[in-house]
Amino acid sequence: MGASESISDIKKGDILINENEIHSGKSGKYQIKTILGQGGFGKVVKCMKLDTKEEIAVKIVKNRDDWMNLPVLPCILLLVTTVHAFQYTELAQYVDNHQEEYIEALRDWVAVESDSSNVLKRPDLHRMMEMVAQKLRLMGGTVELVDIGNQELPDGQTLALPKVVTAQFGTDSNKHTVCVYGHVDVQPAKLEDGWATDPYNLTDINGNLYGRGASDNKAPVLAWIHAVEAYRALNMELPVNVKFLIEGMEETGSNGLDAMILAQRDTFFSDVDYTIISDCGWLSRRPALTYGTRGNCYFFAEVEGPKQDLHSGVYGGTVIEPMTDLIGVLDTLISPSGKILIPGIRDAVAPLTDEEWKMYQDIQFDIDNYKNKIGVSQLMYSNKVDLLAHMWRYPTVSIHGIEGAFSDPGTKTVIPAKVTAKFSIRQVPNMDPAMVKKQVIDYLQSVFAKRKSPNKLKVTMVIGAKPWLANTQHPLYEAGKAAVKRVFDMDPDMIREGGTIPIARTFQDVTGKSIIMMPIGGFDDGLHSQNEKISRYNYIEGTKLFIAYLNEVSQINKSTVKWLGGTLVL
Numbered sequence: 001m002g003a004s005e006s007i008s009d010i011k012k013g014d015i016l017i018n019e020n021e022i023h024s025g026k027s028g029k030y031q032i033k034t035i036l037g038q039g040g041f042g043k044v045v046k047c048m049k050l051d052t053k054e055e056i057a058v059k060i061v062k063n064r065d066d067w068m069n070l071p072v073l074p075c076i077l078l079l080v081t082t083v084h085a086f087q088y089t090e091l092a093q094y095v096d097n098h099q100e101e102y103i104e105a106l107r108d109w110v111a112v113e114s115d116s117s118n119v120l121k122r123p124d125l126h127r128m129m130e131m132v133a134q135k136l137r138l139m140g141g142t143v144e145l146v147d148i149g150n151q152e153l154p155d156g157q158t159l160a161l162p163k164v165v166t167a168q169f170g171t172d173s174n175k176h177t178v179c180v181y182g183h184v185d186v187q188p189a190k191l192e193d194g195w196a197t198d199p200y201n202l203t204d205i206n207g208n209l210y211g212r213g214a215s216d217n218k219a220p221v222l223a224w225i226h227a228v229e230a231y232r233a234l235n236m237e238l239p240v241n242v243k244f245l246i247e248g249m250e251e252t253g254s255n256g257l258d259a260m261i262l263a264q265r266d267t268f269f270s271d272v273d274y275t276i277i278s279d280c281g282w283l284s285r286r287p288a289l290t291y292g293t294r295g296n297c298y299f300f301a302e303v304e305g306p307k308q309d310l311h312s313g314v315y316g317g318t319v320i321e322p323m324t325d326l327i328g329v330l331d332t333l334i335s336p337s338g339k340i341l342i343p344g345i346r347d348a349v350a351p352l353t354d355e356e357w358k359m360y361q362d363i364q365f366d367i368d369n370y371k372n373k374i375g376v377s378q379l380m381y382s383n384k385v386d387l388l389a390h391m392w393r394y395p396t397v398s399i400h401g402i403e404g405a406f407s408d409p410g411t412k413t414v415i416p417a418k419v420t421a422k423f424s425i426r427q428v429p430n431m432d433p434a435m436v437k438k439q440v441i442d443y444l445q446s447v448f449a450k451r452k453s454p455n456k457l458k459v460t461m462v463i464g465a466k467p468w469l470a471n472t473q474h475p476l477y478e479a480g481k482a483a484v485k486r487v488f489d490m491d492p493d494m495i496r497e498g499g500t501i502p503i504a505r506t507f508q509d510v511t512g513k514s515i516i517m518m519p520i521g522g523f524d525d526g527l528h529s530q531n532e533k534i535s536r537y538n539y540i541e542g543t544k545l546f547i548a549y550l551n552e553v554s555q556i557n558k559s560t561v562k563w564l565g566g567t568l569v570l
């Protein structure tokens, strides 16, 4: 059959010849293995390249005008990556129609007091993980509850860690595979702490859904689950394979998770192309994509003196007090203007580039609103770029508290025998926690030595989490921008987080794959604070964002159409 004959005559077993020199890597003979579909445009077929046995899906059209308005040729062979059009409108409508069900699902999850810091709440945490697993099972996923061992308590006892939930939807090797990470444990919360509503009873007030864990991180996890559920409910093929990894110990350091990820690197994670984390928030009312987090080096500085606490009236003025030494040491960490005084600590910090400066200038951020939200009259810096840079990409010292000191209401005239300060230094590229540890310990020991005190100083680093930074030009972020544009009809802010999400760096180091952080939480959600909430708008529209994003990720590294050229023969 010549090239001018009808495409409708093409059948299984026919040979296609591609002679296009532009795509020389695709030139050669292809045998049709399967007819995948046909219509007025032509046919979609699955072919095998005869010399390499490579299989590809192709579309055969009579005219280029039938595909992307290309010039007319007798017969064109096209490489096709997407056979089915993305039906966003139908999916978004499904979400709108089921939003009350989504809110009830969040209500059920918030009602579980899954506080990972309280060992007495461990049964609730186990129940929470079972609820997650069951919801994923009911959707038809391949679900596993992974045992990650025991937690050793300070008194030497051990307690079972909550199992990690893994799930998989889709195993098509021709598709990308994404892994969605989230957590369903929460920070402690009590009504008497200052909550306006019961923290474990989701309460809708003016479109805001109040409850502990609503924004951090139960609603985002549910939004991802509902995104996958929408595709399946409408009998639409998922554009990518989706895996879930949901843990229950994030708020207390993700105990056991690093070892689990490493153990499953060559099994569960072997085919994961990209990891998605939605455990963060927007900076303003504009949607955002997060491309960096600071790391954290957390220190204990212990000063020990007398063998027991002393009465200040009896012994005050005769002993060199540990608290006085400790306050003196802490005062040498940072200046009133915010400058870190530890020698060498900023030497490794990557300089602010012109590109970053321009990016910060373009970000929607109101300094006055920021001050009002946190209740201060003055900030360390008065312009937006300086403020954002020091919030995200410069190190800082924060002093968190002193253990062993008297802190109860009332008065107590005691000289503590031993006091321990707790402080941290946020890490940024290209700081190395091991080097920071040495710099801090050496510096504080030298400062303490100058005091010529008989007391003893012991400095230890208990956390050494590295920073994480992504390339905003990576296709993952381009896909994110496209999804935000589709759902919110605006471009996202590209932001960094001042806080630390250690699991991001773990995923990157262990799997070697790219990561994106895609938040749906609002800037005023009050994470870890009283009256935590997520808005109904962010929860529902965030679900649509995740639906759109899965489709955008499916297009990565695949043009919608690549012209192979050639002629058709038998």
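The sequence shown begins at 1 in the UniProt record's numbering and counts up by one. A virtual CB, placed ideally from N, CA and C, is assigned to each residue, including glycine.
Expected contact under 8 angstroms - CB spacing of residue i and residue j to nearest Å
| i | j | result |
| --- | --- | --- |
| Tyr443 | Ile340 | Actually they are not in contact, since the Cβ atoms of Tyr443 and Ile340 sit about 10 angstroms apart, beyond 8 angstroms. |
| Trp392 | Glu497 | 7 angstroms |
| Ala479 | Thr293 | Not a contact, Cβ separation roughly 20 angstroms. |
| Asn551 | Pro336 | So it is not a contact: roughly 52 angstroms between Cβ atoms. |
| Ile402 | Ala421 | 5 angstroms |
| Gly344 | Thr413 | That belief does not hold up - the Cβ atoms of Gly344 and Thr413 are roughly 41 angstroms apart, past 8 angstroms. |
| Glu250 | His183 | 4 angstroms |
| Thr506 | Asp258 | 5 angstroms |
| Gly281 | Gly521 | 4 angstroms |
Reference residue i; option with closest CA among the options
| i | options | result |
| --- | --- | --- |
| Asp309 | Asn369, Pro239, Phe406 and Pro351 | Phe406 |
| Val110 | Tyr477, Gly316, Thr500 and Leu209 | Leu209 |
| His226 | Lys29, Gly410, Tyr94 and Gly526 | Tyr94 |
| Gly207 | Met48, Ile103 and Asp273 | Ile103 |
| Asp96 | Val553, Ile556, Tyr549 and Asn538 | Asn538 |
| Glu532 | Tyr30, Arg127, Ser114 and Val186 | Val186 |
| Leu469 | Gly170, Ile515 and Ile556 | Ile515 |
| Gln99 | Ala223, Gln555 and His390 | Ala223 |
| Pro519 | Phe546, Asp509, Gly526 and Ala263 | Phe546 |
| Val329 | Val459, Asp432, Tyr274 and Asp155 | Val459 |
| Arg486 | Val462, Leu161, Tyr549 and Asn217 | Tyr549 |
| Arg285 | Gln31, Asp193 and Ser535 | Ser535 |
| Pro433 | Asn369, Tyr298 and Gly542 | Tyr298 |
| Gln508 | Phe448, Thr275 and Lys437 | Thr275 |
| Ile556 | Val178, Met139, Tyr88 and Gly170 | Val178 |
| Lys307 | Lys190, Lys456, Leu326 and Asp366 | Lys456 |
| Asp525 | Asn217, Ile15, Glu152 and Val165 | Asn217 |
Residue i - DSSP class collapsed to helix/strand/coil
| i | result |
| --- | --- |
| His390 | helix |
| Gly480 | helix |
| Met435 | helix |
| Lys466 | coil |
| Leu73 | Confidence in Leu73 is poor, its pLDDT being 32 and thus under 50, which makes the residue's placement unreliable; the coordinate value appears in the next sentence. Three-state result, Leu73: coil. |
| Leu545 | helix |
| Phe299 | strand |
| Asn63 | Note on Asn63: pLDDT 46, under 50, position unreliable in the model; no value is reported. |
| Lys485 | helix |
| Ile441 | helix |
| Asn557 | coil |
| Arg426 | strand |
| Asn551 | helix |
| Leu379 | coil |
| Tyr231 | helix |
Neighbourhood of residue i by C-beta, 6 angstroms cutoff - its chain only, sequence neighbours within 5 removed
| i | result |
| --- | --- |
| Ala167 | Leu136, Gly141, Val143 and Phe244 |
| Lys121 | Glu113 and Asp115 |
| Asp203 | The sequence given here has Thr at residue 203, not Asp. Cβ neighbours of Thr203 beyond the five flanking positions: Thr197 and Tyr210. |
| Ala189 | Pro199 and Arg212 |
Residue i, buried or exposed, once every other Cβ within 10 Å from all chains shown has been counted against 16
| i | result |
| --- | --- |
| Pro287 | buried |
| Ile374 | exposed |
| Thr411 | exposed |
| Trp195 | buried |
| Pro220 | buried |
| Pro502 | buried |
| residue 578 | In the structure displayed, the chain extends from 1 to 570; residue 578 sits before or after that span and is not available. |
| residue 577 | What the structure shows of the chain is the stretch from 1 to 570, and residue 577 is not part of that stretch, so it cannot be assessed. |
| Ala301 | buried |
| Ile32 | buried |
Cβ neighbours of residue i in the same chain (closer than 7 angstroms, five flanking residues each side left out)
| i | result |
| --- | --- |
| Glu90 | Leu234 |
| Tyr315 | Ile415 |
| Met323 | Ala405, Pro416 and Val419 |
| Val397 | Leu333, Ile334, Ile340, Phe423 and Ile425 |
| Thr500 | Thr293, Arg294, Gly295, Asn296 and Ala465 |
| Pro429 | Ala350, Pro467 and Leu469 |
Own chain partners of residue i with C-beta closer than 8 angstroms, once the 5 adjacent residues on each side are dropped
| i | result |
| --- | --- |
| His390 | Gly338, Met380, Tyr381 and Thr396 |
| Gln439 | Ile342, Pro343, Gly344 and Ile345 |
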